[in-house]
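The opening residue of the sequence shown carries number 1 in full-length UniProt numbering; numbering runs sequentially from there.
Cβ atoms here follow ideal geometry from the backbone N, Cα and C, with glycine treated the same way.
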Amino acid sequence: MAEPLIIALPKGRILKEALPLLARAGIVPEPAFHDEASRALKFATSHRDVELIRVRSFDAATFVAFGAAALGIVGNDVLLEFAYPELYAPIDLGIGHCRLSVADHADAPPITGETASHLRIATKYPRLTQAHFAARGIQAECIKLNGAMELAPLLGLAPRIVDLVSTGATLRENGLVEREVILDVTSRLVVNRAASKTDARVSVLVEALRRAVGDAAAA
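Structure (structure tokens):
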């Protein structure tokens with residue numbers, strides 16, 4: 001009997017939005033998946049050929065790219081930041097809407113190529129950040145942080161940040177202003193290219209999730 005296919009799911013808000021789509025595709029996790037006290041890392045589902053793992057959003061892409069999971073759910077921000085050639089993203093799931101934006105203090109000077117040839121920016125997206133500013137002739141020196149990005153301007157680590165923004169409430173509460181949008185973000189179904197060629201079950205799952213997304217949009 002073939003090993004179950006693994007789907008890598010990101011923790012947090014996207015997970016809550018993804019579960020109804022998975023249920024429409026006939027994939028319902030076992031009760032332990034919802035138990036916050038559980039230390040389990042891999043979970044069975046109602047689909048005998050599918051198991052789930054719950055990981056950090058950046059790690060979901062890595063698990064799929066290196067074949068530890070056959071499929072996953074990943075924001076297009078992560079896809080573009082890592083640019084793994086082993087991945088392809090056949091479906092925009094239409095969930096996890098947010099944006100990758102530049103933010104700084106309200107009294108910070110505007111960013112232009114004439115006045116700022118070099119910027120120091122705190123972010124967990126150095127690739128996207130550097131590419132965005134390089135297109136304007138500005139060199140971005142990126143300080144890599146994985147959280148609490150808003151502290152960087154407050155404590156003098158970097159005057160600007162590039163981070164995901166949903167409502168903007170966290171920025172406002174920390175005295176920051178959203179200046180420009182680098183990327184509009186939604187979550188995608190990602191697939192390991194090798195797995196899609198060697199295991200016919202992968203394409204069956206992809207089509208089931210494609211129908212689930214269509215059904216959800218029509219509901």
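Extent of the continuous beta strand (DSSP E) to which residue i belongs
i: T123; result: 118-123
i: I95; result: No beta strand (DSSP E) holds I95; DSSP gives it neither H nor E.
i: D163; result: 160-165
i: L154; result: Segment 151-154 is the alpha helix (DSSP H) holding L154; no beta strand (DSSP E) there.
i: R179; result: 176-185
Cβ neighbours of residue i in the same chain (closer than 8 Å, five flanking residues each side left out)
i: I14; result: S57, I73, G75, I95, G96, S187
i: V55; result: A8, L9, P10, K11, F63
i: A216; result: P20, L21, R24, G94
i: R211; result: R24, A25
i: A89; result: V74, N76, L79, R188, L189, V190, V191
Boundaries of the alpha helix (DSSP H) in which residue i is found, first to last residue
i: R210; result: 200-218
i: A140; result: It is not in any alpha helix (DSSP H) - A140 instead sits in the beta strand (DSSP E) that spans 139-144.
i: N76; result: 76-82
i: R172; result: 169-173
i: R127; result: 126-134
Cβ-based neighbour list, residue i, same chain, cut-off 7 Å, excluding 5 preceding and 5 following
i: A61; result: G72, V74, V78, L79, F82, Y84, L87, V190
i: P126; result: C142, K144
i: D49; result: P4, L5, R201
Residue i and residue j closer than 9 Å at C-beta
i: G168; j: H105; result: no
i: S101; j: E180; result: yes
i: L103; j: V177; result: Reading off the sequence shown, one finds Ala at residue 103, where the question assumed Leu. Yes, they are a contact pair.
i: A152; j: I138; result: no
i: L183; j: I91; result: no
i: R201; j: A2; result: yes
i: D199; j: A40; result: no
i: L164; j: C98; result: yes
i: T129; j: E150; result: no
Cβ-based neighbour list, residue i, same chain, cut-off 6 Å, excluding 5 preceding and 5 following
i: P109; result: none
i: G67; result: N192
i: F133; result: A140
i: P29; result: F43, T45, L52
i: R172; result: none
i: S166; result: C98
i: A65; result: Y84, E86, L87
i: S38; result: A32
i: S196; result: V202
Min CB distance residue i to chain C below 9 Å
i: R56; result: Among the chains in the structure shown there is no chain C, since it carries only a single protein chain.
- Message: For the pair the segment 157-165 and the segment 121-133, tell me if three or more CB-CB distances fall below 8 Å.
- Response: Taking 8 Å as the limit for Cβ pairs, the verdict is that the segment 121-133 does touch the segment 157-165.
- Task: Return the chain-ordered ranges of every beta strand (DSSP E) run that is complete within the segment 6-73 and spans a minimum of 3 residues.
- Result: Counting only runs of 3 or more, we get 42-44, 50-55.
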